[in-house]
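Taken in order, the sequence shown gives residues 1327 to 1632; the numbers are from the working numbering.
Yeah, the Cβ is synthetic: ideal placement off N, Cα and C, and Gly gets one too.
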Amino acid sequence: MARRSRFALFLVSLLGFTLLPAYGAAAAPKKPAKPAAKPAAKPKKPTGPYFRLDKVTSTFSHFCGFRAAGDKTGEVKTLLVFSDVPVDCAAADAEFDPEGAIEVQIDGLKGAYVELHLDPDGKHANGNWKSNEPNDGFSFGGQGELVFARRDEARVEGRYRTLTPESFFQQTFEFDLPFAVDLLAGSMAGTPLPKGGGDPGKAYLAYLKAVDKKDPAGLQKYSSAARASEIKQQIADEIFEGMFDSARTQELKTAAVTGGLIRGNRAKIDVSGVNYDGDKVGGQIFLLQENGTWKVDSKAIGIRFD
């Protein structure tokens, strides 16, 4: 090996060649290849009932079911509530408006929830998701698959879910809402009121006259103590006119009271008419009897397309 190496060097020298490394090779040796980046792990789907919009997911562990008065006289709606905070279903059912009562409970605890309305035909559902932390909301319906194992006036069992994520502009949403709940119907108990709504109906029509005249004194007279106190403070802060003009658009300009219920010092009247925006509306007005006088406390009315 020594002889062969010396002979090779002799030939190189004889031919006038100089053995040099390739340009830059010695100065910049090749760096070892970086290992390939691992693909981002797909987010795991929640294991329980959930609703997801983009990066916000709510999972639910508390449930209520109600049969309650619908928007039209004699109509009954089925409402399911999925919540991530504890709820008192019986307390909400004791109100004429269990939907509004359960929302107050959950919002007070900064929770998230889905309200699911089951259509009478048993083929469709419309939902509303709300999150308090972070603050967000979304309405949905008609997507995915709705199946029932049981559905009657006492109980519903089934599942409503998307089979694949659905697109919403640049976001996606999906949900899986299995349910098995008894339906409470206490909100529909009470003594029926005649067409016109009896004394509660008369109080509501007097309230609407004050609305039409933009009369703050009349509004306070026919509003519950809590609402009257708000109006009084708005007047003191000199902001009543601006706030009232905005709220007035959703009040009824023309109204018909078609019936209702009364229970103790609470009443619910069914109304329909046209608001100050010119929309056809209907729903329920809720009143309290305070010091012997019926007062408007809250309402659940919406636009009608029929």
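| query | Considering only C-alpha positions, which residue in the set Glu1429, Gly1512, Thr1373 and Asp1410 is nearest to Ala1416? | reply | Comparing Cα positions, the closest option is Gly1512.
| request: Less than 8 Å between the CB atoms is what I'm expecting for Leu1503 and Tyr1486, so what's the real figure, rounded? | output: That belief holds up - the Cβ atoms of Leu1503 and Tyr1486 are roughly 5 Å apart, short of 8 Å.
| Where does Ser1572 land, buried or exposed, given buried means 16+ other C-beta within 10 angstroms? | Exposed, because fewer than 16 other Cβ atoms sit within 10 Å of the Cβ of Ser1572.
| query | In whole angstroms, what separates the C-alpha of Gly1516 from that of Thr1584? | reply | Cα to Cα, Gly1516 sits roughly 16 Å from Thr1584.
| request: Measure how close the beta-carbons of Leu1534 and Ala1581 come, nearest whole angstrom, since I'm counting them as under 8 Å. | output: With a Cβ gap of about 6 Å, Leu1534 and Ala1581 count as contacting.
| query | Using the rule of at least 16 other Cβ atoms within 10 Å of the residue's Cβ for burial, across every protein chain shown, is Thr1404 buried or exposed? | reply | That one is buried.
| For Leu1406 and Gly1590, the rounded distance between their alpha carbons | Cα to Cα, Gly1590 sits roughly 27 Å from Leu1406.
| task | Output yes or no for whether 8 Å exceeds the beta carbon distance between Ala1626 and Gln1610. | result | Yes, they are a contact pair.
| said: Is it buried or exposed, Thr1344, if we count other Cβ atoms within 10 angstroms and call 16 or more buried? | reply: Note on Thr1344: pLDDT 42, under 50, position unreliable in the model; no value is reported.
| query | Taking Cβ to Cβ, would you say Phe1392 is nearer than 8 Å to Ser1384? | reply | In this structure, Phe1392 sits away from Ser1384, with a CB-CB distance that is not shorter than 8 Å.
| query | Would Glu1471 be called buried (16 or more neighbouring beta carbons within 10 Å of its own) or exposed? | reply | Under this definition Glu1471 is an exposed residue.
| query | Got a sec, what are the start and stop residues for the alpha helix (DSSP H) Leu1545 sits in? | reply | Here the alpha helix (DSSP H) through Leu1545 covers Pro1542 to Lys1547.
| What are the partner residues of Arg1476, as DSSP defines its beta bridges? | Here Arg1476 is bridged, per DSSP, to Glu1483.
| query | Would the beta-carbon of Lys1456 fall within 8 Å of that of Ala1480? | reply | With contacts defined as CB atoms closer than 8 Å, Lys1456 and Ala1480 fail to qualify as a contacting pair.
| task | Can you grab the Cα-Cα spacing for the pair Phe1495 / Gly1523, in whole Å? | result | Within the model, the alpha-carbon separation for Phe1495 versus Gly1523 is close to 46 Å.
| said: Tell me the rounded alpha-carbon separation between Thr1373 and Gly1484. | reply: Using only the alpha carbons, I get a separation of about 17 Å.
| message | Per the DSSP calculation, Pro1518 is bridged to which residue(s)? | response | Partner(s): Leu1587.
| task | With distances taken Cα to Cα, identify the nearest neighbour of Leu1435 among Asp1414, His1450, His1443 and Phe1422. | result | Closest option to Leu1435, Cα to Cα, is Asp1414.
| Just to confirm, are Pro1518 and Leu1587 a CB contact at a threshold of 8 Å? | With a cutoff of 8 Å on beta-carbon distance, Pro1518 and Leu1587 are scored as near each other.
| field | Residues bridged to Tyr1376 (per DSSP) | value | Listed as beta-bridge partners of Tyr1376 by DSSP are Thr1385 and Asp1502.
| message | Using CA atoms only, rank isn't needed, just tell me which of Phe1386, Glu1401 and Leu1578 is closest to Pro1446. | response | For Pro1446, the closest of Phe1386, Glu1401 and Leu1578 by C-alpha to C-alpha distance is Glu1401.
| request: Check Ile1565 in the structure and name its three-state DSSP category. | output: Note: Ile1565 maps to coil in three-state DSSP.
| field | Delimiting residues of the alpha helix (DSSP H) encompassing Glu1425 | value | Residues Pro1424 to Gly1434.
| query | Going straight from the alpha carbon of Val1603 to that of Ile1629, what length do you get? | reply | Reading off the sequence shown, one finds Asp at residue 1603, where the question assumed Val. Going by the C-alpha atoms only, they are around 11 Å apart.
| said: So for Phe1631, helix, strand or coil by DSSP? | reply: Judged by DSSP in its simplified three-state form, Phe1631 adopts coil rather than helix or strand.
| query | At a Cβ threshold of 8 Å, is Gly1374 touching chain B? | reply | Absent here is chain B; the protein component of the structure consists of one chain.
| Gly1440, buried or exposed, once every other Cβ within 10 Å from all chains shown has been counted against 16 | Contrary to the premise, residue 1440 reads as Val rather than Gly in this sequence. With a threshold of 16 other beta carbon atoms within 10 Å, Val1440 meets it and is buried.
| Contacting residues, own chain, Cβ-Cβ under 6 Å from Ala1475 (five flanking each side not counted) | Excluding residues within five positions, the ones whose Cβ falls inside 6 Å are Glu1483 and Gly1484.
| Proximal residues to Leu1531 (C-beta, below 8 Å), its chain only, five neighbours per side dropped | In chain order, Ala1581 and Val1583 place their CB closer than 8 Å to the CB of Leu1531, counting only its own chain and leaving out the 5 sequence neighbours on each side.
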